[in-house]
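Chains as they are written, first to last, in my numbering: chain A, 4 to 324; chain B, -11 to 305; chain C, 68 to 387.
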């Protein structure tokens, strides 16, 4: 495996609240190599979107990111606003969940794509506009010249997400962060967008951090998968290993609760309860209250991530056994 | 689009027709008619003469018939004579209209520009010190009565400092551009400040809402500088609701103009209509009010067109 | 199985302006076009399709929230019209997708659940209180939930409140419009289990509207597939998932991501669903269909049994 493009160490994202910081991302470590796809799964509030925003330097104030994000040999945490701007949209780009609201409603999509090259490659609007038409064609949009002049509301959901992808890839970034890019789309359109992302990855060679709540989607495209729960990574493994042999009780529960298209059961297994409040004072494993295996030890100390098989990490006292 | 404008103009004409009847009837219902004042200045008139005059002016006819006759004339541009000025109505009205429009348009532009600057600055950090100061100013602008502000300005800038003339539109014997401009400064500031407060609050609220939107985050994710995010991506979106409100309130500015003109003794529409009604100058009052209606209808049409032009999602059909 | 609700030739068209004085050409959105099917007593029928397929509109028609432009609705053999709807209304209830928007934030849970009873004038206040308490327990909420407000609950719990409200007038059919879409994965299975449990206990029928085929496969007895407002396939669950007959259903099933499968590229159906303002002539699926021939471009296929499977209806000239 080549040297990592992205190395995240002890990343925490905290928001001030009465009596200290509330950490929605509470110390996570992972790495991503060029050209690879990392899937990040978890339920709402697990910190997966905030991790993505931290990579972009876009944690909304008054939130703060701490720890270390090394990208391409540079430390991103603590760099200046100008340095962030030079990176965003250029070397690291992002695709969001809802293409209708993520695009500017009063600007033609061609101009929105061209803007990226105007900002980073210092092209004129005319030349960048021509490139935008070519990019729309590259993401599979028919009659790209007319579409470039269209406003977002004049495009279908699938076309809007294609335009978003064209915008994100306008400067051929080294890392594409995709936050639930297909969640708002219909299944057949979702399949088209996933195909497109893989095809463009082949062509451009960017690494993808693909965030989703949908295990099945992530399983189809990711090389490695991170499972997040309440601000922590509970399990990290190559995709095949994770689904073949999930080690953390939460991962096991998530996979088991999904209805299996191949076989129908009378009752789906459930994970009881809900996601806990991210309290700074909480001790022990964050999943303990919902876990069938939990004992006093789990409630006393937070389990560290341990490598239980090559490349397979789980943060659970019961997983190693 | 052409079809839309055509339809709107047809609608406006219909409204104008209805309004003309309403205004005609209301003025007709006012106590006293033109003859009363004529006779007051000529107590020796015999009942025969009065009856003759009444016939001559058509005042013996029922209201509906008189209205129709007036309408017939009005449609070909004949608005009759102003009794108090002894001039055709239009030659009294047009200079007043120009004067008022000058005041309104300059004040409007000034308050819009000021409101954009203040509103955007306040929205950058809601709850910050700058926001607090601007909100206080906006609130003061909304609360302070126009006449009080006018009096204070006259007191400070005309009486004490002698920077600007206190009243009128030109100095007798001068009347150059500089002189006219100096006469406009205080009325414009007074009228502008009255609407700036409200406008600023609209701009601020709209900007705060837009700055929270997903596409603003997208703009930042592209690496756009903060000024570009605010002025190009957010501002254009924030304009949409604001411009509508602003254009609609252009008509409301008329009320303010009436007060301002009275305070600064300027011969505009407000003062003209006021005097016409007090003096039972039927034709002048009626026509003046109708033109005021036209201004309001026009500003509504401009508001809708601006909305459609700014927001590509709105198809005007 | 006894027929509970039947739709016969239901169409829903929306006029989107135009027409009249200086209005230009009228624009008509054909959301639902000539759809017929029946739901049996105790049966769960899935209504499957992508956004714009008309599935929610059809759900609203069944729930009595949207009068059809054409066609009739039967409930227990009686045609529903102005006179018969009020009686049927309490027997057909609806649960919406968004558990946040569907509950009045200013009402306590007890009032929310009792509202259908109050509106329909069912029972005395004391009886309604007792019924509400029983319902809260039935959907697995703590009894102290009654005096709390919707914002104090999580998404899954709110959906339970919405289900309790739907159950209040003791309905025979619940129209569930994407009831799981807004919920987290681990919560979805909880609500899904609840729906199954309630069906077994109360003998309910469901019209389950969903885009999630895995969930549909888990819950339902029969599946109706909608495309651009038309019913393209109607079949028992097992048959539909094992041997989909219509090319659209095949494409839909193929597009569903599966755990442990790698993406096989280049096999995804091309294009997007056309606008219901301007549906294509002939078979509405022909612009995206890999099997399309000349006949498909001119003649709309009718819903007929697939070869050798009498219960498996499919609207395709080349059905499998």
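Beta carbons: idealized from backbone N, C-alpha and C, even for Gly.
Residues of the segment 251 to 269 of chain A in Cβ contact with chain C at a cutoff of 9 Å, in chain order, please.
253, 256, 257, 258, 259, 260, 261, 262, 263, 264, 265, 267, 268, 269
Please decide whether residue 217 of chain A counts as near chain C, where near means a Cβ-Cβ distance under 9 Å.
yes
For residue 214 of chain C, count the other beta carbons within 10 Å of its own beta carbon; 16 or more makes it buried, fewer makes it exposed. Which is it?
exposed
Measuring only from the beta carbon, is residue 225 of chain A closer than 8 Å to any heavy atom that is part of the ligand MN?
With respect to the ligand MN, the structure offers nothing, as it holds no ligand at all.
Which residues DSSP lists as bridging residue 186 of chain A, in chain order:
DSSP, once it has assigned bridges, lists no residue as partnering residue 186 of chain A.
Ignore the nearest five residues each way along the sequence and tell me which others in residue 322 of chain C's own chain have a CB closer than 8 Å to its CB.
335, 336
Do we get a CB-CB distance below 9 Å when we pair residue 104 of chain A with the residues of chain B?
yes
From what residue to what residue does the alpha helix (DSSP H) around residue 99 of chain B run?
77 to 112
Coarse secondary structure for residue 374 of chain C, derived from DSSP in three states
coil
Helix, strand or coil for residue 68 of chain B per DSSP?
coil
Tell me the residue span of the beta strand (DSSP E) that contains residue 19 of chain A.
9 to 20
Residues in the segment 251 to 279 of chain C having any Cβ partner in chain A nearer than 9 Å:
251, 252, 253, 254, 255, 256, 257, 259, 260, 263, 264, 278, 279
Please check if any C-beta of chain B sits within less than 9 Å of the C-beta of residue 125 of chain A.
no
Please go through the same chain and pick out, in chain order, the residues whose beta-carbon is closer than 7 Å to the beta-carbon of residue 171 of chain A, but skip the five residues on each side of it.
96, 97, 98, 179
Run the CB neighbour count on residue 151 of chain B, radius 10 Å, all protein chains shown included, and call it buried at 16 or more, exposed below.
exposed
Residues in the same chain with beta-carbon distance under 6 Å from residue 306 of chain A, minus the five sequence neighbours each way, listed in chain order, please.
288, 318, 319, 320
Return the chain-ordered list of same chain residues with a C-beta closer than 6 Å to the C-beta of residue 101 of chain A, the five sequence neighbours on each side being excluded.
187
Assigned exposure category for residue 53 of chain A - 16 Cβ within 10 Å defines buried
buried
How far does the beta strand (DSSP E) with residue 182 of chain C in it reach, from first residue to last?
Where residue 182 of chain C is concerned, there is no enclosing beta strand (DSSP E), although the alpha helix (DSSP H) it sits in stretches over 176 to 187.
Residues of its chain near residue 250 of chain B, where Cβ-Cβ distance is below 7 Å and the 5 sequence neighbours each way are ignored:
258, 259
Below 8 Å, how does it come out for the segment 275 to 287 of chain C and the segment 257 to 270 of chain A: are there three or more Cβ pairs, yes or no?
yes
Could you tell me which uninterrupted beta strand (DSSP E) segments, each at least 3 residues in length, are contained entirely in the segment 27 to 79 of chain A, listed from first to last along the chain?
40 to 44, 67 to 74
Within the 9 Å Cβ cut-off, does residue 298 of chain B reach chain A?
yes
Would you say residue 272 of chain A reaches chain C, if we count a Cβ-Cβ gap shorter than 9 Å as a contact?
yes
How should residue 269 of chain B be labelled, buried or exposed, when 16 other C-beta atoms within 10 angstroms of its C-beta is the threshold for buried?
buried
Would you tell me roughly how many angstroms separate the C-alpha atoms of residue 107 of chain A and residue 301 of chain B, rounded to the nearest one?
12 Å
Looking only at DSSP bridge pairs, what is residue 303 of chain C linked to?
C:289
Contacts that residue 225 of chain B makes with chain A (C-beta to C-beta distance below 8 Å)
107, 108, 109
I want to verify the contact list: residues of chain A whose CB lies under 7 Å from the CB of residue 205 of chain B, in sequence order.
61
Interface flag, residue 212 of chain B vs chain A, CB-CB below 9 Å:
yes
Tell whether a beta-carbon distance below 9 Å holds between residue 228 of chain A and residue 41 of chain A.
yes
Return the residues of the segment 188 to 202 of chain A that lie within a Cβ-Cβ distance of less than 8 Å from chain C, sorted by chain order.
189, 190, 191, 192, 193, 194, 195, 197, 198, 201, 202
Is residue 252 of chain A near residue 312 of chain A, with beta carbons less than 9 Å apart?
no
Three-way DSSP call (helix, strand, coil) for residue 81 of chain C in this model
strand
First and last residue of the beta strand (DSSP E) that includes residue 97 of chain A?
95 to 98
Host alpha helix (DSSP H) of residue 244 of chain C (start-end)
Where residue 244 of chain C is concerned, there is no enclosing alpha helix (DSSP H), although the beta strand (DSSP E) it sits in stretches over 240 to 244.
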